[in-house]
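If you read the sequence shown in the working numbering, its first letter stands for residue -2, the second for the next number, and so on.
Beta carbons: idealized from backbone N, C-alpha and C, even for Gly.
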Amino acid sequence: RRNMGKNKKNILNILVLSPLLLSTLFFSSLSFAELTTNRHNNFLSKINFNPAQSADPLVVLYSGWGKINVDSDNPLASFTDILNGSESKMGDPPLVFPNPFRLNSDNAVLGYSLLRSDMDIDLRIYDMRGFQIAKKDFQHGSEGAMLGYNTISLNSSFFGHSNLPAGVYLYIFTHNGNLIGKGKFAIAP
-2 RRNMGKNKKN ILNILVLSPL LLSTLFFSSL SFAELTTNRH NNFLSKINFN
48 PAQSADPLVV LYSGWGKINV DSDNPLASFT DILNGSESKM GDPPLVFPNP
98 FRLNSDNAVL GYSLLRSDMD IDLRIYDMRG FQIAKKDFQH GSEGAMLGYN
148 TISLNSSFFG HSNLPAGVYL YIFTHNGNLI GKGKFAIAP
C-alpha cells in the first residue's frame, strides 16, 4: 500500500505539476540582459525565459554572420528588423575543397558566393596561434569580388611560395570591417 501511495503521488506530479512547469517555462515574460561581446565570442544577446528562477534554466543565445546590433529598448523589434530588412552579403558560407589538402600537390579551391557586386572584400588567413599567414584584398568588380560564385586557388603561389607546416588554418572575409564569412581548412603533411 505504501507503493500505491507513492505511485498516486507520482501520477499527480506528472498530470498536474508538469503542465504547470511547462506553461511557466514557455509563457513567462521575456527578460533581456547584455552579454560581454569581444573578439573571443559571438554572443550578441541573451533571453531568459523564466526570470523568477535564479538557476537560469533556459538561455537562448543569438549569433550569426556579421554584426547584429540589438536596440536595448526593444530587442525583439530590432532583431526582427535585422532578419527581415537586412541584405545578406554572402549567399553561402565559404568552403575549401578538398579539405584537408596538400599544399604542393592538391588543387584546393576556396569558393564563396556574393550577393552584391559593389563590395570590396578582404580575406585574412591565420594559423592556430593567431598569426596572420596571408592577406588578400579584392576590389569590387574584380576577380574574387564579383557578383555570384567566386573561387580562389589555395596553392603555394597564393601563400608566397612559403612552406606552410601541416595544421589547421582559419580564414575570415570582411567588408568595411564587418565579418561576412569565416571558415577553416587543414593542410596535410
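Problem set entry | Proximity below 8 Å, CB of Phe182 to CB of Asn96 | What you label residue 182 is simply residue 185 of the sequence shown in a count that begins at 1. What you label residue 96 is simply residue 99 of the sequence shown in a count that begins at 1. Cβ atoms of Phe182 and Asn96: closer than 8 Å.
Exercise. Skipping 5 residues on each side, what residues in its chain have a beta carbon closer than 6 Å to that of Leu151?
Worked result: Within the sequence shown, numbered from 1, the residue matching residue 151 stands at position 154. These residues qualify, in order along the chain: Ala105, Leu107.
Problem set entry | Alpha carbon of Arg126 to alpha carbon of Asn160, nearest angstrom | Within the sequence shown, the letter at position 129 stands for residue 126. Within the sequence shown, the letter at position 163 stands for residue 160. Approximately 17 Å between the Cα atoms of the pair.
Exercise. Going by DSSP, what residues sit across from Met87 in a beta bridge?
Worked result: As a working mapping, residue 87 is identified with position 90 in the sequence shown. BP columns for Met87 point to Leu111.
Problem set entry | Sequence-distant residues of its chain with Cβ nearer than 8 Å to Gly164 (five each side left out) | Along the sequence shown, read from residue 1 onward, the residue named residue 164 stands at position 167. Cβ neighbours of Gly164 beyond the five flanking positions: Asp124, Met125, Ala183, Ile184.
Exercise. Thinking C-alpha only, which one of Phe94, Leu100, Phe156, Arg113 is nearest His172?
Worked result: What you label residue 172 is simply residue 175 of the sequence shown in a count that begins at 1. Checking every option, the nearest Cα to that of His172 belongs to Arg113.
Exercise. How many Å lie between Lys179 and Leu92 at the Cα?
Worked result: Taking the first residue of the sequence shown as position 1, residue 179 is located at position 182. Taking the first residue of the sequence shown as position 1, residue 92 is located at position 95. Distance between the alpha carbons of Lys179 and Leu92: 9 Å.
For this session: Identify which residue in Ser154, Gly138, Tyr146 has its Cα closest to the Cα of Met87.
Result: The residue given as residue 87 occupies position 90 in the sequence shown. Closest by alpha carbon: Tyr146.
Exercise. How many whole angstroms separate the CB atoms of Gln129 and Asp117, which I take to be in contact at a CB cut-off of 8 Å?
Worked result: Position 132 of the sequence shown, counted from the first residue, corresponds to residue 129. Position 120 of the sequence shown, counted from the first residue, corresponds to residue 117. Between Asp117 and Gln129 the Cβ distance is about 18 Å, and since that is not below 8 Å, they are no contact.
Exercise. Helix, strand or coil: which one does DSSP assign to Asp134?
Worked result: Numbered from 1 along the sequence shown, position 137 holds the residue referred to as residue 134. The answer is strand: DSSP assigns Asp134 an E or B state.
For this session: Return helix, strand or coil for Ala105, following the three-state DSSP convention.
Result: Residue mapping note: residue 105 aligns to position 108 of the sequence shown, counting from 1. Here Ala105 sits in strand by DSSP.
For this session: Pull up the DSSP beta-bridge partners for Phe98, would you.
Result: As a first step, residue 98 is located in the sequence shown; it is residue number 101 there, counting from the start. Looking at the DSSP assignment, Phe98 forms a beta bridge with Ile184.
Exercise. Quick one, which of Ser110, Asp89, Tyr109, Asn101 has its alpha-carbon nearest Leu158's?
Worked result: The residue labelled residue 158 in the question sits at position 161 within the sequence shown. According to the sequence shown, residue 158 is His rather than Leu. The candidate whose alpha carbon is nearest that of His158 is Asn101.
Exercise. At what residues does the beta strand (DSSP E) containing Gly145 begin and finish?
Worked result: For the purposes of this step, residue 145 is taken as residue 148 along the sequence shown, with counting starting at 1. From DSSP, the beta strand (DSSP E) with Gly145 extends over 145 to 151.
Exercise. Beta strand (DSSP E) containing His172: first to last residue?
Worked result: Position 175 of the sequence shown holds residue 172. His172 -> beta strand (DSSP E) spans 164 to 172.
Exercise. So Asp89 and Tyr109 are in contact, right, with Cβ under 8 Å, and what is the actual spacing, rounded?
Worked result: The sequence position of residue 89 within the sequence shown is 92, counting from 1. The sequence position of residue 109 within the sequence shown is 112, counting from 1. Their Cβ separation, rounded to whole angstroms, is 7 Å, which keeps Asp89 and Tyr109 in contact under 8 Å.
Problem set entry | Residue span of the beta strand (DSSP E) that contains Leu120, given as start and end | As a working mapping, residue 120 is identified with position 123 in the sequence shown. Taken as a continuous stretch (DSSP letters only), the beta strand (DSSP E) holding Leu120 covers 118 to 123.
Problem set entry | 8 Å CB neighbourhood of Gly141 in its chain, flanking five on each side removed | To locate residue 141, count along the sequence shown from 1; it is residue 144. Once the five neighbours on either side are set aside, the close Cβ partners of Gly141 are Ile118, Leu120, Lys133, Phe135, Asn147, Ile149.
Problem set entry | Neighbourhood of Leu167 by C-beta distance below 6 Å, restricted to the same chain and skipping five residues each side | Translated into the one-based positions of the sequence shown, residue 167 becomes position 170. Listed in chain order, the non-local C-beta contacts of Leu167 below 6 Å within the same chain comprise Tyr123, Lys181, local neighbours out to five positions each way being set aside.
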